[in-house]
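What follows is a single structure, written as structure tokens, with notes after it.
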Amino acid sequence: MKQKLFVLALFTTTTIANAQDLHLNDLEYFERQGVNVLVFSNSFNGGFNDEKNSGIEVIHHGVRTMQGGAVRLNKTPEQWDLVPKMTSRKVDKQAGSIEVTMRYDDYDFDSRVVVTAKGKAIEISVYLDKPVPEKLAGEAGFNLELLPSQYWLKTFTMDGRLNRFPRYATSLTKTRPNEEKPRQFKGFRTYDDRGSGRFVDPLPLETGHRFVAATDAPERLLCINSVDANLELYDGRMLAQNGWFVVRSVLPAGKTGRVLTWTVEPHAIPGWIRQPNIGFSQIGYTPEQPKIAVIELDKNDAPQATARLFRIRDDGTTEQAFEGAVTTWGPYYKYNYVKFDFSAVRDPGVYFIEYGSTQTNDFLIDAHVYDCITDATTDVWVPIHMNHMYVTEGYRTWHGEPFKEGYLQAPESDHFDLHRQGATTDTKYKPLELIPGLNVGGFFDAGDFDIETSSNINVVQNLIRAWELFHPQRDETFVSQQQRYVELHRPDGQPDILQFIEHGMLNLVAQAEQIGHMASTLSNSVLDNYHHLGDAASITDGLRYDPNLKPYEVSTDGKRSGTPDDMWVFTTRNPRLDLQAANIFNSAARVLRGYNDVLADRAQQQADRLRREADELLRPSRFARDAQADTDNDWLTGTGDGNYRNIARDLQTMLDSIPMKDTAYRQRLRPAVEHFNEYIHSFDAQNPYGVPIGLGNWAGVNAVLNFGITVNYAHLYFPDIVAKDEVYRVANWLYGCHPYHNYSFVAVVGAARPKQVFYGNNRADFSFIPGNVAPGLLFRKPDHFENFDDWPFLWGQNEGTIAGNTQYIIFGSALKNIVNSH
Ligand SMILES: [Ca+2]
Ligand SMILES: [Ca+2]
Ligand SMILES: [Ca+2]
């Protein structure tokens, strides 16, 4: 947001007096103006362990800068270190306190934390009924974690000694025997000890009793006092790039009762009012489309009566182009919302919005603003995610050819990325035997490098839909399957989308042929290379694993190694997945015919076999599929229950079949589309942005994109029911009209201010892969949306997935088609 600072002097002393002390509010968190302290409003969940979204959290002047406050077993917990289970949470309004009990089942270790408001500070006390278990003595401590990107380069003091938070991890470590390390998630290890038998343990940057952070930045200033125990400051990035700064005190051994007391005082800037977040489309607007900025306001902020639109002339001077009323939408979670409609402005040009003393960056009004919205995704993001290929761009190599040694049959396993291999393999292969022919084609899943079969099926499905509807002939990618070589921005005479479909199919068909059915995933066998950040070709050593060699030993012929790093194939048979694959194989065979007839034939052959076998295996549950068919009929006869659940998904399926059906079918769909149009408008009352907003631990871009695609298709087929104006809802959201900040969620050509950091496989560089689409706004209970643009490592808000990004290609292709065709 290139916005001017809000003038604070306007605020009266009454506002300041009300905001003096922390108090426990109705949403059960501690609040004073500028400071929110959440005590286990968000608890640790088992899924991915430490998601850096839990425990005691501080939202400091609108930014969540602290989390992880809990009894922890590690100095700087990593994602797969154990997290405590919250066993109870009691809120005492009278006493102004929140008490949480937590438990580590692995160690039969219970603790209780009581947080009480004391004036401007909170007091944190840790109680133990039984002493710290012997195995954890000296290890278990109370931790609080500070967000590095909000603290690095700022000053701090420990007992008055001056220091500065380091921009990069460069402090000291020591190694200790593995036996001393607290158990990690499911017994996995995040590190490869290279046969040393020792793990790395960070040493503190500072220790003392009074820690003051960001003495040079009032919005981040924070003071922690501990009377009894030493405070230790660590840099979690020493072990993992996504680590935070950690302040901790070790719990005393052999003691019970109140074992530790801290006071934590986040400074509040007197009378602080968050500056307005003017949501608008960074892509810009076509002259004819509706143009409505949604302005997010602090609840203590008084709305302006009007806002203005300025035009930047060719000579660089500006003129006011429009002034219009600001209308109230109302409160939505913690902020208030107003709108500024400047649809009346239609002249092409360069503009910016001014609301009070806040100005936005500039944007275009022009007929061509949507022309390039999918180019970065198709030309850059997708080819970079092509597995089993060398991918290069200009002078840069994105990655070498990964996984040359192939894939092994997974043994029985409960995997760290939520996969499971049962006791039987459902294949002819023995555990850890090579399944030949699978290191071909396919796309990296997301910020990781596995092949999720269902996602890859989605990719092919999405690309086929884009191909069959719009026939995009764009050729900016050189793909040679024979050379296993991809070069960006080098045309090779073949439409890229067809080459991507082929690439996806090469892996999927190989799965069907080699395994006999679809694998659930092709993924890492060891956790210590799953969190890989760097060249995908270096995840494994490229040498076939040979258990007869010692770890790290290489055979004399240089072809095998004793390092068990080969990827695994999870092969438990799922006939529904096979059926899903069979449907896509049919369509792919149709699309590939004439381009790669051999692959088309193989796809068709596997489609027929998989369908036949899946039908056989699914025979007992045929009832479930008949029930689904009934739902479709309810839609068509208008006898559905009026419930909006799954409405977009069901309607999309029906819209997709229109090209194959007669006009009578289209007529019969009309009631469903009318129903869907009501559904579209229902969002205008639900939130100020008019799109479905998700509240899960993965922000909701997939649901938003699905919604957008269905709106687009509904308009394409039924323009008299779903108006053209509706197709811009999701575009506005994606490109900047959303809560928290107004950056585009798509690292894309055309946007004035796209997000700068994403959770791609280059996230350690605080960078992005062009064309990526972020999940978006992550909801933190009870009332906070966030999307960090200086910290890429929270996947729930910043990761892009291969399925989501190819969904975006359909959305964008449809939108361009609509904008340019009427
Ligand atoms: Ca994955
Ligand atoms: Ca090409
Ligand atoms: Ca290997």
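In the working numbering, the protein residues as written are 1 to 822.
The C-beta atom is built at its ideal place from N, Cα and C for all residues, glycine as well.
| Query | Result |
| --- | --- |
| Enclosing alpha helix (DSSP H) for W467 [first to last residue] | T453 to F470 |
| Whole-Å CB distance - L734 paired with V722, under 8 angstroms assumed | About 19 angstroms separates the two Cβ atoms, so there is no contact after all. |
| For E219, three-class secondary structure by DSSP | coil |
| Segment limits, alpha helix (DSSP H) that includes I802 | I802 to S821 |
| Any heavy atom of ligand 1 nearer than 7 angstroms to the CB - residues listed | D417, D445, A446, D448, D450, E452 and S523 |
| Close Cβ partners of A229 (< 6 angstroms) along its chain, the five nearest in sequence each way excluded | S249 and L260 |
| Any non-hydrogen atom of ligand 3 closer than 6 angstroms to E401 Cβ | no |
| Buried versus exposed, by CB contacts within 10 Å (16 or more), A214 | buried |
| Where G62 falls, given that 16 or more other Cβ within 10 Å makes a residue buried | buried |
| Same chain, Cβ closer than 6 angstroms to N805, five either side skipped, listed in chain order | T377, W381 and V773 |
| Through-space distance from I501 to A588, alpha-carbon basis | 7 angstroms |
| Candidates K781, D650 and W795: closest to N36 by CA position | K781 |
| Alpha-carbon to alpha-carbon, A703 and Q20 | 41 angstroms |
| T358 vs P276 beta-carbon contact at 7 angstroms | yes |
| For P402 and I539, believed in contact at Cβ under 8 angstroms, the rounded distance | 6 angstroms |
| Per-residue DSSP class, three states only, for V91 | strand |
| Status (buried if at least 16 other CB within 10 Å, exposed otherwise) for N458 | buried |
| Distance between beta carbons of Q409 and I435, contact taken as under 8 angstroms | 6 angstroms |
| N712 beta carbon less than 7 angstroms from that of V727 | yes |
| Extent of the continuous beta strand (DSSP E) to which E381 belongs | The question names Glu, but residue 381 is Trp in the sequence shown. Looking at the DSSP string, W381 is not in any beta strand (DSSP E), and its letter there is neither H nor E. |
| Beta-carbon proximity of H399 to A536, cut-off 7 angstroms | yes |
| D849 CB to nearest heavy atom of ligand 3 below 6 angstroms | Because the chain here runs from 1 to 822, residue 849 falls outside it and cannot be looked at. |
| Residues that DSSP places opposite P266 in a beta bridge | L222 |
| Contact under 7 angstroms by Cβ, H385 with I802 | yes |
| Minimum C-alpha distance to L297 - residue among E288, Q289, G800 and K334 | K334 |
| By C-beta, the residues closer than 5 angstroms to any heavy atom of ligand 2, given in chain order | D475, T477, D492, Q494 and D496 |
| Nearest neighbour of Y665, chosen from R194, I709, F718 and S621 [CA to CA] | F718 |
| Beta-carbon proximity of I365 to G349, cut-off 7 angstroms | yes |
| CA-to-CA distance, N25 to L705, given in whole angstroms | 35 angstroms |
| Nearest-angstrom Cα separation, counted from S54 out to W698 | 14 angstroms |
| Beta-bridge pairing of D414 - partner residues as DSSP gives them | R420 |
| Touching by the beta-carbon criterion (3+ pairs, under 8 angstroms), the region 142 to 149 and the region 67 to 77 | yes |
| 6 angstroms Cβ shell around G254 - same chain, five flanking residues per side excluded | P131 |
| Integer Cβ distance of V509 from A648, believed to fall under 8 angstroms | That belief does not hold up - the Cβ atoms of V509 and A648 are roughly 31 angstroms apart, past 8 angstroms. |
| Helix, strand or coil at T637 according to DSSP, with G and I counted as helix | Reliability of the predicted coordinates at T637 is poor, the pLDDT of 44 falling under 50, and the value obtained from them is presented with this limitation in mind. Residue state, collapsed to three classes: helix. |
| Where Y337 falls, given that 16 or more other Cβ within 10 Å makes a residue buried | buried |
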